[in-house]
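As you go down the protein sequences, you meet chains R and U in turn.
The numbering of the first sequence is the numbering used here, which starts it at 1 and goes up by one.
The numbering of the second sequence is the numbering used here, which starts it at 736 and goes up by one.
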Amino acid sequence: MVQNRSKFLLILILLILFHSCSNNPYKKEDIAGPILLSAYSSELKYVDPVKSYYSYEATVIDQIYESLFQYHYLKRPYQLIPCLAEEVPEPVVKDVMIKEPYQPRRFDRDKNEIFQKRTIQAISYTIRIKKDIYYAPHPSFTFNKEKKTNTRRLKAGDFLYAFKRIADPKLACPIFPVLVPKIVGLLQFYQYNKEALITIQKGDTLESIALKYYKDKKAASLISRLNKGINNKDLKPGKTKLLIKKPTDYSYPVSGIIIHDDHTLEILLKESYPQILYWLAMHFTAPMPKETIAYYRERDLKNQSEEMRLAIPFYLPYPVGTGPYILASRKPRYEIVLKKNPLFRNEFYPEEGMQEDRRKGLLDDAGKRLPFIDKIIFKYNPEYISVWNKFNQGYLDASGIGKEHFDRIIGENKRLSDRMRKKGVRLESSGASDIFYYGFNMLDPVIGGYSEKKRYLRQAIARAFNVEQYKKIFRNRRGIIPQSPVPPGIFGFQEKVESYNNFDLKKAKELLIKAGYKDGIDPATGKPLEITYDTAVSSGDSSASRPHLKFFKEQIEMLGIKVRIAATDLNTYRKKILDGNYQIFESGWLLDYPDPENFMFLLYGPNGTVKHHADNRANYDNPQFNELFEKMETMENTDERFRIIVQMSDIVNRDCPWIYLFHSEDYYLFHKWYQNVKVTDLINNSLKYKKVDPPLRMAYIKKYNKPVYWPVLLFFILLGASFIPAILTLRRKYR
Amino acid sequence: MLEYYINDILRSLFVLVIIGGGIYTVLRMNRNRIWHDVFRQIWSVPIARISFGVICLYLFVFLLDSISYPLFKEVNKKHVFVNSRTLLEVIYTPAREESYSAPMAKYQFTDKKMENKGIHPAGTNINGEDVLMNAFKGIKVAFTIGGLTTLIILPIGIFFGLIAGYFGKGADTTVTYVYSTLACIPEILLLIALMNIFGNGVLQLCIALGITSWVGLCRIVRGETMKQKNMEYVQSARALGQSHFRIIFKHILPNVMHIILITSILRFSGLVMAEVILSYLGLGVPPEIASWGIMIDQSRGELARDPMVWWNIITAFSFMFILILSVNFFGDTIRDVLDPRTRVKGVKA
C-alpha cells in the first residue's frame, strides 16, 4: 500500500512537471481562438466612468461603456460620428422655457414638484438616441422577455442620470469644473447637494441630527468626524454651526437637460461651446442605469440607511454599459478578461478611410459586423521587459518599443530591423497629440513676473536648454520639438514659429545680460543666481529621472546660474504645486479632445493652479492672451481662428512661461495576425474594430518557443561537480 | 573671497584631522607593548596585509577627493566663486561626452566620434560622465557615510552599553527596552521612514543610519561590561572606594575596547551597503551626487538595454565589492588576534 502510494506520488510529480513544461501563460483554447492577448501595466483604480480619468483605465472600460458620439476610426483629422446617438447635432440658438425648482422646493398635494418657469436664450443641442439599444445582461435589470435575459432598453433618462452623477459633489468627477459653467442648471444641482452648514437648535444632539439627515443614529460619528471631532457637549444652540454632507438628492432636476421622450435629449448651454460634443464622446457622459448603481449600493453598503449610502462617495465596482464587450473576470494584479456582449447592437466596420488605409488593408473588412474578437485577455505586466519577451514569444499581440531596445529595432531611417521583419512583425508609428515641457512658476518673485527683465531671464534659460540633445540622449531622437503649445494633428499646429526660443547659448548669454544677470551673477548678492527645480522622486522611477535632472542642471548652469534640485516625495510636491511654492517643474499634457483649446487652456489665466486649482501650473496670466483665448475658445476652425492661435503662440513665446520639450512620437509593433490596427491616442474604444488570425499566431508560437534543454543539463552537471570536493575530503579523512 | 578659502580649508582640515588622529592613535598604541604585539600579529597574516594596503589605497583617493580649493572667475572686476575643485579632479580630468560610450570605445552611442579614443577606461554613463571618475567619487560618499555614521554610533552605543551593563536593574531595563523596541522594527522600514522625515542628503542619511544601527554595538558592549564588572580588578577598584564613573571609564572601557573596534570595522561594510540599498530605493543621497548606490540604481534599466550597458554596474560593484571584502578580511583578522578564543595557532606571539 505504502509502496503504491509513493509510486502514485512520483507519477503525479512527473505529470505536474511535464504539464508545466511550457512557457505559455494562457489556456490552450485561448491562444487558438479569436482572442486578443494584451497587457496592462497599472492596476485599474476606478471602473466607474464618472471617476476614471487615466488612459490605461480607458483602454479597458471604454470597450464596455459607450457614449453618444465616437471618433471615426480611420479618418484623420479626427471626425466625430454618432455612436449611441442617431446623428451629430448642430447647435441651435433659441429661446427655451426651462423649469427650475423653487428655493426651497415646492410640491403639490400629490408630491409632484412645482416649478418656476422662465425663458432664456440658450444654445440647444437636440440629440436623438438610437432606438434598439440594450444594456449588456446584468442581474440588476429585470428579466426581459424579448431578449430572454436580464436587460433593459437604453433610455434618455440614463444620460440625465449620468450628468447628475457628474455634478454629484460626493463623486468629484474630474471634468465637472469644465462642464459646470457651460451647461444650464448643473451648478444648481451641485450646490443643492453640496455640504451644508446647519445651525444647532435647542435640544439637538449629534444623534438627533444624524437621525434627521441620515435616518441612522450611527451616522453621528460621521458628523463628528466632519466637524473636527465635535461632541454633544460642544453643541451650543443657536451658535454652533455643523458641517454635514447631504445625501445626494437625485430627484433634484437639472433644468438644462431636458428629456422630451425616451429617445430624445436636449442639452442647453449658457454660451457657445462647440467642444461639448467632444465631451459627449468621452466615457464620463456614458449612460448609467440607475438600477445598477442601486444594486451595488445595496450589496456593498448593506448595513447603512439609504440616506447614508447617498452621503458617501460610492463608485461602481463593476462596469455595465452598452458597449461591445462585458467584463468577464478581473483578478487584481493578474488579469482582466473581457467577453463579447451578446446584446451588442448592429454596428459595422467603417467603409471609408484615408488613402493609405486601403493600401494597408484597413478597409478589407468594410461593412462587416463588429466586433471581430470574441474575448480580450489583459495580463498584468508592470515591467516593460516582460512585455517585450512575451511579445517576441507570440504571447502578446502588440508591444511598444522601450528606449532600451529602440536603437536595435528601429534603424537610422526609422525602419524596422531585418530580424523583426523576418518574424512578420509590423511597425506603426504615430505622432501623439501631447506636449511635454518645463514650466516656470509665473508667481515666483525671481523667475516669474511680466517685466521685460524677467522675460529676458526666462528666454535666456529657455535658449540655454539644448532640446535637440535632450531628444538624442533620452528619446532616441523620437518626437517633434514644439514651437507653440499646439501639437501636430490638431488645428492650429505650426511647424515653424518665428518667435520660438531655439537653442542658442550665445544669444542666451546676451539675454541674461539684458536681464541684469551678467554671467549668471545676481548683482544683489554678488553670487550666482540660484534657481530651484522642483520634482517628485518616487522610488519607482528614480533611476529613470535622475539623468534628466542632471542634464537639465548642467544645461542651465552653462549660463553661470546655479540650479538646485529639490527632490521631494509626491505628497510634498503636490502641496508645493498647490501653494505655488516652486520655481521650475516638468509637466505634460495629453489631449482630451482634438481642439487647440484643449492645449491653450493650460496657459489661460483663470485656470491657474494656485488661485483656481485648475491645470495652468505655470500660473501664467496675461490679459492679452486671456482675451484672445476667450475669443478663440468658442470659434469654429476658420482662418480667423488660426490667426488668433498664431498670435497667442507669439505671446506665449515672448513671455516664455514654458521651455518646450517635445511632442512625443510613439512606435508600436504588431504581429502579423493582429489586423485592422490604426494607431491613435484619442480613440479608446478601438478594440471592436480589431481582428486576430489565430492559426498564424499558433504557427508563430510553435516556431519561436522551442524548449532549450542544455541549461538544465548544465545545471545538473554543475550540481554534480560541486559534490566532488566534498567526496574528496571525505575520502581523505577516512583513509 | 576669503570665506570660500576658509570653507574649503576647514572641510579639508576636518578630514585630515580625523585621518591624522587615526594614524596618531595607532602609532601611540604601538608604543604600548600589548598593542605592539597585536599589530605585529595582524601584520604577520598575508591577507590582512593585502587588505590593509587596499584600504589605504581607498583612503588615499578619499583624501584626494576631500582636499579642495575654491575656483573663481572674474565678473565686473570682481572674483566670483564658481565651485570647489578637489585634488582628485586635478589629477584625473576625463573629457565630457554626450552620452553612453563603452569602455575604451571609439564611438559614442549617439554615433558621435570621440575626440580622444579610449580615454574612458570604464566608459561613460547616459549623461556622458566618466564612469571611473564617478566610482572614485563614490569612495568619498562611502567613507563619509561609513565614517560619520560610526562617529554617531560610537558615543551612543558605548555610553548606553556601559551604563546598562554596569548598573543593571533599572538602567539596564530601560536601555534594553529601548533597543529591543528599535530592533523590532524592520531596519529598512525604519530607515525609509526616517529618510522621509529628514529628506535626502548625506548628513541626513548618516543620522538615519546612526539611529537604526547603534543597537548592535550597544548590545555587545552591555554584554561584555556585565562580564567585566564581576572580575577581580573591578571588585578591587570598588573596594578601594573609586567612583562609578572612574570605574566605568578608567577600568572597564579599555577592557571592552577591542570589541568596539571589531564591531565598528565589521559594521562599516554594512553601512556602505545600506547606502547602496537606500539609493536603489530612491531614498539615499541627493540625485546630483555620484555614489555607488546611484550607479547601481541607474543600471537597472541599462542592463535591459540593447546593446547592454554593463560598465556602470560592474564598475560600481567591483569598487564596492573590493572595499567591503578588504574591510571584512581585515576586521576578521583583528578579531582573530584580539579574541583569545579564536586565536589561531599559526600566529606567532
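Where a beta carbon is used, it is the ideal one built from N, C-alpha and C, also for glycine.
Small disclaimer: the values here were computed from a predicted structure and weren't measured.
Alpha carbon to alpha carbon, how far is residue i from residue j?
i: U:Asp743; j: U:Ile802; result: 8 Å
i: U:Gly881; j: R:Leu301; result: 54 Å
i: U:Val1082; j: U:Thr859; result: Below a pLDDT of 50, predicted positions are generally treated as unreliable, and U:Val1082, at 45, falls in that range; the measurement from the model is reported next regardless. Cα to Cα, the separation comes out at about 46 Å.
i: R:Lys145; j: R:Thr292; result: 19 Å
i: R:Glu468; j: R:Glu554; result: 15 Å
i: R:Gly185; j: R:Leu242; result: 27 Å
i: R:Asp569; j: U:Asn931; result: 8 Å
i: U:Asp846; j: R:Phe391; result: 29 Å
i: U:Ala1084; j: U:Gln843; result: Note on U:Ala1084: pLDDT 40, under 50, position unreliable in the model; no value is reported.
i: R:Leu277; j: R:Phe69; result: 8 Å
i: U:Lys1080; j: U:Val1072; result: Residue placement at U:Lys1080 cannot be trusted, given a pLDDT of 48 that sits under 50; what the coordinates show is reported in the next sentence. Distance between the alpha carbons of U:Lys1080 and U:Val1072: 10 Å.
i: R:Leu512; j: R:Lys518; result: 6 Å
i: R:Lys51; j: U:Leu1018; result: 32 Å
i: U:Val750; j: R:Asn705; result: 59 Å
i: R:Gln583; j: R:Arg106; result: 53 Å
i: R:Tyr125; j: R:Arg225; result: 44 Å
i: U:Val1011; j: U:Ile1029; result: 7 Å
i: R:Ser38; j: R:Lys375; result: 11 Å
i: U:Met966; j: U:Ile983; result: 13 Å
What distance in whole Å lies between the Cβ atoms of residue j and residue i, which are believed to be in contact at a cut-off of 8 Å?
i: R:Ile736; j: R:Phe284; result: Past the edges of chain R, shown from 1 to 735, lies residue 736 of chain R, and the structure says nothing about it.
i: R:Leu416; j: R:Ile257; result: That belief does not hold up - the Cβ atoms of R:Leu416 and R:Ile257 are roughly 50 Å apart, past 8 Å.
i: R:Tyr701; j: R:Gly394; result: Strictly speaking, residue 701 of chain R in this sequence is Ile, with Tyr absent from that position. About 4 Å; that satisfies the 8 Å criterion.
i: R:Arg697; j: R:Trp658; result: The pair is not a contact, with the Cβ atoms about 45 Å apart (cut-off 8 Å).
i: R:Tyr53; j: R:Pro139; result: With a Cβ gap of about 28 Å, R:Tyr53 and R:Pro139 do not count as contacting.
i: R:Lys562; j: R:Pro528; result: 5 Å
So, residue i versus residue j, is the Cβ gap smaller than 8 Å?
i: U:Asn869; j: U:Ala1025; result: yes
i: R:Glu307; j: R:Asp168; result: no
i: R:Ser255; j: R:Glu100; result: yes
i: R:Ala162; j: R:Asp262; result: no
i: R:Pro247; j: R:Leu310; result: yes
i: U:Val956; j: U:Gly896; result: yes
i: R:Asp397; j: R:Val712; result: no
i: R:Gly479; j: R:Glu665; result: yes
i: U:Ile997; j: U:Ile1069; result: yes
i: U:Gly951; j: U:Ile887; result: no
i: R:Tyr438; j: R:Glu557; result: no
i: R:Pro596; j: R:Ile645; result: yes
i: R:Lys340; j: R:Pro324; result: yes
i: R:Pro487; j: R:Pro77; result: no
i: R:Asn619; j: R:Tyr604; result: no
i: R:Leu661; j: R:Gln647; result: no
Quick one: which chain B residues come within Cβ less than 9 Å of residue i?
i: U:Lys813; result: Given the protein chain composition of this structure (R and U), no chain B is represented.
Note down, in chain order, all residues in the stretch 496 to 526 of chain R with a beta-carbon under 7 Å from any beta-carbon belonging to chain U. Lys518, Asp519, Ile521, Gly526
Of all the residues that make up the stretch 843 to 869 of chain U, which are near chain R by a beta-carbon distance shorter than 7 Å? Thr845, Ile861, Asn862
Quick one: which residues of the stretch 544 to 561 of chain R get their C-beta closer than 7 Å to a C-beta of chain U? List them in chain order. Ala544, Arg546, Pro547, Leu549, Lys550, Phe551, Lys553
Please identify, using Cβ separations under 7 Å, the residues of the stretch 377 to 392 of chain R that lie next to chain U, in order along the chain. Ile385
For the stretch 924 to 953 of chain U, which residues have a CB atom closer than 8 Å to at least one CB atom of chain R, in sequence order? Asn931, Gly934, Asn935
Mind listing, in chain order, the continuous alpha helix (DSSP H) runs of no fewer than 4 residues lying wholly within the stretch 932 to 982 of chain U? 937 to 963, 967 to 974
Scan the stretch 667 to 732 of chain R and note each continuous alpha helix (DSSP H) run of 4 residues or more that stays entirely inside, going in chain order. 694 to 704
Along the stretch 762 to 792 of chain U, what residues have a CB closer than 9 Å to any CB found in chain R? none
Enumerate, from N- to C-terminal direction, the unbroken beta strand (DSSP E) stretches of 3 or more residues contained entirely within the stretch 563 to 650 of chain R. 584 to 590
Members of the stretch 561 to 577 of chain R near chain U, C-beta cut-off 8 Å: Ile565, Ala567, Thr568, Asp569
Near-chain R residues of the stretch 822 to 838 of chain U - C-beta to any C-beta below 8 Å: Glu833, Ser834
Mind listing, in chain order, the continuous beta strand (DSSP E) runs of no fewer than 3 residues lying wholly within the stretch 356 to 426 of chain R? 375 to 380, 398 to 400
For the stretch 102 to 133 of chain R, list the beta strand (DSSP E) runs that are entirely contained and at least 3 residues long, ordered along the chain. 113 to 128
With 9 Å as the C-beta to C-beta threshold (strictly closer), list the residues of the stretch 452 to 475 of chain R near chain U in chain order. Gln469, Lys472, Ile473, Phe474
Residues within the stretch 399 to 410 of chain R neighbouring chain U, beta-carbon criterion of under 7 Å: Glu404, His405, Arg408
Could you tell me which whole beta strand (DSSP E) segments of length 3 or greater appear in the stretch 839 to 908 of chain U? none
Which ranges would you report for the beta strand (DSSP E) in the stretch 174 to 220 of chain R if only whole runs of at least 3 residues count? 196 to 199
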